[in-house]
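Step one of this worksheet: look at the structure below.
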Amino acid sequence: MTTSLHRETKASWRRSGYLLAIATALAVLLSVGVSAAGKGKKASDQAKQAESASEPDAASAAKPDTVRIIIQTVPPRRARVKWGRKSLGVIPTPSPLVVVRPRDSGPLDLVIRAAGFLPVHTRAYTFTDSRVAVKLTSLSDKSKLFGYREEPAPSPDGGVPAEPATTP
Amino acid sequence: MKFVLTRFAAFLLLGSLGCHAGPPAPPSTTPPGMLPTAASNSKPRPDSATGTRTAGTSAAPTATAQRTRDENQAIVIHDGKENWIDAEAAARSGYTIIDFSDDWTPFIFTTQKGPDGTDLPNRYRRVFIGLANDTLDEDGEPLPAGEKNYLELYGIPPSFGVLRQRFLANRQQTCHASISQEKLEEVETIAYVAPDKLKAADRKTERLGRELESARAKSKAASLAELAQKNPSLAAKVKTYERRVAEKAAMTEVEKRLACEGMFKKRERHRTGVYDDAMRLAVRRFQQKNMIYESNYLRSKTMDALARPPLANDYLAFMRVLRERVVDAAGVVEDGTVDGKSGSPTYTGESGKPVQVRNLVDELTKSAAEQLGLDTQEGALDFLKRHKAADFKHMRVAVPLPALPEYYGPNMDLSIVIDRGDVWYDLPWDANGVRHPQPRRHYPSFRLYLKYNGQRTLLARWRTTIGGWRAEQASDGYEYFRYKGSDVGSRVIRNVVAGPVWIAPESTPIRSLLKMKDVRGSWQRVVNYDELGPGYLSAYGLVAGYFVQPGRNGRPDWDNGIRAHGSSNYLSIYSSEGYSHGCHRLPNHLAIRLYSFILRHRPMRVLGDQGMGFARQFLAKDDVYEIRLPSRGYSYELDPPLPVEVLQGDIKGTLKTPVMTYVQKPGTVYPGPPPPVHASDDGKAGGSPSGKSESEE
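Keeping their order, the protein sequence lines are chains A and B. Residue numbering for the first sequence is 3 to 170, as defined by this note's numbering. Residue numbering for the second sequence is -7 to 689, as defined by this note's numbering.
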């Protein structure tokens, strides 16, 4: 599979404008924060606006053959991005990592690793230009994640299963 | 979830305000009285006596002199000869244009037009085409060379290009000659023997053989059959022994056949004579290839297909593919499933006489096959041989199909009734975890009705699912059982989503949200997007209709998460113990037919791709997994919505209302009592109207 990748340099990122960076950060903070926590309507509306502003219309007339996938973390950290065995590079904080892929060439299953944080498995799509803003969770905050479960205390009865609590 | 619900509602609202695409294009098969007034004199005419157009008397539109084979042309057979004609002219003349191209998708996945005439593409269309052509995998990534998808069983029939390759390859293969059809036909099924019990089973058969041989010698019988006659007390043993011997012999032929068809994969090591995982997977591939709805064992339909010559199976596949193309071209759904002991139901036609509901699916397919000379295996093979692979890039054919019934039109008064059948609310196991049977005589059924001439007529009836006891993850991170029932009462389908995405609620067990995948040479755990969709394996299958209670006085619709959707889990539909999480499942190909039919015969708007920026993280061991969904699917809005009535069914057992709390799984150690059921999920179980969640199946 041909891969066309490039990292934007700091200079070119500046040229592309700080406005985009601000919009990106806003979208990241709102979309990840809000959807993960399932909070209020106002915030979700703002996130929707930010995302719809950042995602081009799927039905736009002239589409280039490639799509740009902008990858960054929240909080911004230097993080390595891998696609299977292939390293796509390191996010050059504060700039994002920009990946260029053939349009509609299938998704990318990515693993993002930053020192002091749990690795994150995520996915990027190639149907249109997109932004992948990944929330990082520090090792000490593991218990705050959905799916974390406390192990039951050692059973005094030697592990004999309890009877179902609700048996109508 | 509230966030998602708000967003989805906003998208729907946006779509309903701004994306009016007008009524759908009518089917190319036009009902009597609606034939276009073509200038051509060669227009096929309806036979007023029979209500059909007779193919034999139809003169084909003039064939173009130059045989330019592009997408504007179609093949027409006249006097046994193929000609390429202008497809639009043929359609105007009353011919039905059947898409034979490799780029075909069912109606629901085609690129529709927006209100301003712009294309509204469906994200899944490319993947559907890639899967049908063996060029892409379920994620839309290139399929390794030589790999086959075999997804007809899951609603994605192979393209004619793929069938052409299959036919031509099987015509030349020689390994089939070494397979004994006789030995395969000698058994109806082959009993499953677990690999670790095979040696013991073989020893038992040998012992039985020695015992019977000794008895035969003593009684001076010429054969075991004669022994059974002479000594009836040994008849059962003789029968058992002979069946086991025949099954062993047939098993050898099955292995040869599956190997001959390339069903074994190199990485899956098979031990000869053993029904191991490699064998099970090979049988599953064979069943998928031949659209056999059976569990992955050597049961009767599977054995029948294994005993048939490969080309005979190929021809059956060819006819199934042709059927889906004809159904799509003609926009019909009546498939004979309404026929009872006294034949098919009737309705009173405009003439005042009773008219039977026809099996249009079979009738039109047969007609097309006959007219195209594809009604025999040899005819199909000839057709595929005389056309190059490149011909199927744009191939379309024009045939004068029998006229559709008089009730056909762009605004048919359709409705759905779901009968839940026999319903059990009792726990299916006791405190010790021992399961108790909950037999059902009446299974859930899905019925499509038409109101015409003041009568309600049944057009199609299919088996479906209702909810039952399912595992669910509670807020303490542990799995419990919970009764997830199917709502009863009046609903409507306002939105139909092609390539729907299932947003797994937080109560979904994490183990089902992960899978192993080869990501560019690295075997790693990833989010199980197969389950989320869009895709044939999605929890919502390839298409879903969303049940809602219409909002009144300015209130939004109430959505309790119940859908009628396609499913690849056909055993949940057809097995006696199959249940859903509350939704009504149909095999994907039937769901596609159903919703394609509804969308083409009811007023609707194309809302198009429902983009969203959903992301949610969860922890599994020491890694974080992020579900990232860019789209909700491709939406159509029915206006007016389609009425649905869900009948209560017959409540069996002791409990007459469903249990609304979590129930601990027998054998699992929990840290404490079950937490309360998630408030937003209340409405999911058993028709409680208290919830208002966007939770899904």
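A virtual CB, placed ideally from N, CA and C, is assigned to each residue, including glycine. The structure displayed is predicted, hence computed values, not measured ones.
Residue nearest to residue i in terms of C-alpha spacing, selected from the options
i	options	result
TYR714(B)	ALA192(B), LEU123(B) and ASP522(B)	Residue numbering for chain B in the displayed model covers -7 to 689; residue 714(B) lies beyond these limits and cannot be assessed.
THR88(B)	PRO420(B), GLN363(B), GLY132(B) and LYS377(B)	GLN363(B)
PRO548(B)	HIS576(B), ALA322(B) and ARG486(B)	ARG486(B)
SER170(B)	LEU308(B), GLU133(B) and THR244(B)	THR244(B)
ASP94(B)	HIS386(B), LEU506(B), GLU63(B) and TYR399(B)	HIS386(B)
GLN84(B)	PRO392(B), GLN280(B) and ASN545(B)	Per the sequence shown, the amino acid found at residue 84(B) is Arg instead of Gln. Of PRO392(B), GLN280(B) and ASN545(B), the residue nearest in Cα terms is PRO392(B).
LEU273(B)	THR264(B), GLU260(B), GLY265(B) and ILE284(B)	GLU260(B)
ALA691(B)	GLU342(B), MET311(B), VAL325(B) and VAL409(B)	One cannot answer for residue 691(B) here, as it falls past the ends of chain B, which runs -7 to 689.
SER407(B)	THR97(B), PHE589(B) and ARG388(B)	PHE589(B)
ARG597(B)	TYR628(B), LEU578(B), SER572(B) and THR181(B)	TYR628(B)
ALA536(B)	VAL489(B), LEU578(B), ASP522(B) and GLY413(B)	VAL489(B)
VAL318(B)	PHE92(B), TYR571(B) and ARG555(B)	PHE92(B)
LEU621(B)	GLU471(B), ASP374(B) and MET604(B)	MET604(B)
ASP108(B)	PHE159(B), LEU599(B) and PRO632(B)	LEU599(B)
ASP111(B)	LYS648(B), GLY645(B), ASP601(B) and LEU647(B)	ASP601(B)
VAL266(B)	TYR184(B), LYS258(B), ASP354(B) and GLU326(B)	TYR184(B)
Residue i to residue j span [Cα, whole Å]
i	j	result
THR449(B)	TYR441(B)	5 Å
VAL636(B)	ASP268(B)	45 Å
ASN162(B)	ASN305(B)	10 Å
ASP67(A)	PRO104(A)	6 Å
ARG70(A)	TRP515(B)	26 Å
GLN465(B)	VAL519(B)	17 Å
LYS613(B)	PRO667(B)	22 Å
THR124(A)	ASP111(A)	6 Å
GLY118(A)	LEU141(A)	6 Å
TRP76(B)	LYS380(B)	15 Å
LEU352(B)	VAL324(B)	7 Å
GLN348(B)	LEU219(B)	56 Å
ASP468(B)	ILE643(B)	32 Å
LEU563(B)	ILE284(B)	11 Å
ARG378(B)	ARG577(B)	41 Å
ALA47(B)	ASP126(B)	Its pLDDT being 29, under 50, ALA47(B) is placed unreliably by the model, and the measurement read from it follows with that caveat. Approximately 35 Å, taken between the alpha carbons.
VAL83(A)	ALA309(B)	44 Å
ASP656(B)	TYR662(B)	Note that residue 656(B) is Gln in the sequence shown here, rather than Asp. So the alpha carbons of these two residues sit roughly 8 Å apart.
PHE438(B)	LEU639(B)	11 Å
LYS175(B)	GLU239(B)	9 Å
THR660(B)	ASN424(B)	11 Å
TRP461(B)	GLU498(B)	18 Å
PRO96(A)	PHE148(A)	28 Å
Which of helix, strand or coil DSSP assigns to residue i
i	result
THR124(A)	strand
SER145(A)	helix
ILE554(B)	coil
GLN51(A)	Confidence at GLN51(A) is low in this model, with a pLDDT of 35, below 50, so the placement of that residue should be treated as unreliable; the coordinate-derived value is given next. Three-state DSSP puts GLN51(A) in a helix.
MET758(B)	Chain B is shown from -7 up to 689; residue 758(B) falls before or after that span and cannot be answered.
LYS690(B)	Since the first residue of chain B shown is -7 and the last is 689, residue 690(B) is not available in this structure.
SER685(B)	Confidence at SER685(B) is low in this model, with a pLDDT of 29, below 50, so its placement is unreliable and the value that follows should be read with caution. SER685(B): coil per DSSP, three-state reduction.
VAL669(B)	coil
VAL154(B)	helix
ILE590(B)	helix
ASN75(B)	strand
PRO187(B)	helix
THR26(A)	The predicted position of THR26(A) is uncertain, since its pLDDT is 42 and thus under 50; a value taken from the coordinates is nonetheless stated next. Looking at THR26(A) - three-state DSSP - the assignment turns out to be helix.
ASP510(B)	strand
ALA531(B)	coil
LYS88(A)	strand
SER504(B)	helix
VAL102(A)	strand
VAL324(B)	coil
Exercise for the section: May I ask you to list, following chain order, the residues of the stretch 109 to 124 of chain A that have a beta carbon less than 7 Å from some beta carbon of chain B? Expected result: PRO109, ASP111, LEU120, PRO121, VAL122, HIS123 and THR124
Handout entry: beta strand (DSSP E) segments (min. 3 residues) lying fully within the stretch 422 to 480 of chain B
Key = 437 to 444, 447 to 455, 461 to 465 and 471 to 475
Handout entry: Contiguous alpha helix (DSSP H) assignments of at least 4 residues, all confined to the stretch 102 to 136 of chain B
Key = 115 to 124
Exercise for the section: Pull out every residue of the stretch 475 to 503 of chain B whose Cβ sits closer than 8 Å to any Cβ of chain A, in chain order. Expected result: GLU498 and ILE502
Problem - Residues of the stretch 75 to 89 of chain A whose Cβ lies closer than 9 Å to any Cβ of chain B, in chain order - result: LYS84, TRP85, GLY86, ARG87 and LYS88
Problem - Whole runs of the beta strand (DSSP E) within the stretch 352 to 435 of chain B, excluding any shorter than 3 residues - result: 388 to 391, 405 to 411 and 414 to 416
Practice task
Taking a Cβ distance cut-off of 8 Å, strictly less, list which residues of the stretch 355 to 381 of chain B are near chain A, in chain order.
Solution key: none
Problem - Positions along the stretch 603 to 616 of chain B whose CB lies within less than 7 Å of some CB in chain A - result: GLY603, GLY605, PHE606, ALA607, ARG608, GLN609, PHE610, LEU611, ALA612, ASP614, ASP615 and VAL616
Exercise for the section: Select from the stretch 519 to 540 of chain B all residues with a C-beta closer than 9 Å to any C-beta belonging to chain A, and list them in chain order. Expected result: VAL519 and TYR521
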